[in-house]
Amino acid sequence: MLRGFRHTLFLMLQAAVLFSGGIALVLRPDAWQPIAICVAGAVLASLVCERIASRYLRNTLGRLRRAADDLGRGRATTTVIEAQPGDDLYKLVSAINLVATRLSEAAREQQRLNEELQRRERLAFLGELAATVAHEVNNPLDGVQNCARILRRSLDDPQRSRQMLDLIDGGLERIEIIVRRLLTLARQNVIRAERVHLARVVDNVVALQREKIEARNVRVATRIEARSDLASVDAPLIEQVLINLITNAVDSMPDGGELTLTVRRENAVHAGDTAAGDVLCIDVADNGGGIPPHVLPHIFEPFYTTKQGGRGTGLGLAIAARIADAHQGAIEVADRPGGGTVFTVRLPALPETAAEYGRPQRLAVARGTRL
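Numbered per the numbering used here, the sequence shown spans residues -11 to 359.
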């Protein structure tokens, strides 16, 4: 288009010059008026042509700039603008249209890949959830089986039999709660927290697991050092954490040993907050062989296990860490002085003067945490 404007202007000026030269040679001086009119018309035509060309160029470049901005923001369309093969900007427009087309195709392919990835992640999560349920149900089921064996040998002792039946009933109820809560967490990503005494949670877990622990020649003891052990937690899930830690501790002492659970209260500064707050700690300490240094960085990774013969799924500690994180807490591991390992479950403590203790709370699971 610009070439056409320039060509027309050149012809008009050339005609004006030839015409004016011829007139100057053959006509009288009073005939210069037509020459002036012709020159003025040529100048006016050139200005009009320049105006049209400038507007066309400005509009085209403006559309190209907006198209480039859209491409930069990922809003690609199949065709940016239309252009004629004779235009000066045809090649530039064609190149940008080609880029837009390819980006649009790439965006559609990326969307397809994302949908496929989400589908595979859902399938992987279902598999992980199934393995998690099987693993978590196995722990209380072992306690129920141990109680059933003891009950079979204690049929002549009514008091002992009632005690074992109560433990069996508690174990079966715990299995039901674990399965229901795992499915609820997987679906809604929330936990149901209530005011509880952590010392009672520890006592309940030890009572259910004591027979299994002592059968492995391990002595178990509990210590309550906290003056106030009130916390807002989902008690069955915290019991699940402690059962996992106790099971691992007993497995680390194949020749027997000592297992100690301690409930204590300490003051700590929360990450990202300068305000200090009380924290309740549950220490699960053993005097086993400890954890090798090369294992520590991976100990909370899902499916990572050092147990041989398929005895471990590698989900116990990973699930325990996620449950603690969902309670705005954490799990730490350290070597025990004199040998062994200490796992510490840290949970936010309720203030001793808290007014509303009985009201249930709903705590959102941290983003990216999936149970």
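The beta carbon of each residue, even a glycine, is placed where N, CA and C say it ideally should be.
Taking C-beta atoms under 8 angstroms as the contact rule, E199 and I156 fail to qualify, at a distance of about 11 angstroms. Here D222 is buried, its C-beta having at least 16 other C-beta atoms within 10 Å. For the alpha helix (DSSP H) assignment, the uninterrupted runs of no fewer than 4 residues enclosed by the region 201 to 252 are, from N- to C-terminal side, 223 to 239. Look at the beta carbons and you see the region 306 to 320 not touching the region 271 to 278: under three pairs across the two are nearer than 8 angstroms.
Residue state for V87 is assigned as helix, using DSSP reduced to three classes. Looking at the backbone, the Cα of D145 and that of Q133 are separated by about 18 angstroms. With fewer than 16 other beta carbons inside 10 angstroms of its own, V167 counts as exposed. In this structure, DSSP gives R162 a helical state, which the three-state scheme calls helix. Pairing G244 with R204 gives a Cβ-Cβ distance under 8 angstroms. Residue pairing from DSSP places C269 in a beta bridge opposite R252 and R334.
Between A219 and L338, the gap from beta carbon to beta carbon is short of 8 angstroms.
Straight-line measurement puts the Cα of D217 at about 7 angstroms from the Cα of A187.
For I287, there is no enclosing alpha helix (DSSP H), as DSSP gives it neither H nor E.
A distance of 8 angstroms or more separates the beta carbons of E164 and V193. In the structure shown, D130 adopts helical secondary structure according to DSSP, grouped into three states. When DSSP states are grouped into helix, strand and coil, D274 belongs to the strand group. A straight-line Cα-Cα distance of about 17 angstroms links Q197 and I270. Cβ contact annotation for S142 (same chain, cutoff 8 angstroms, sequence separation greater than five): R148, S149 and M152, in chain order.
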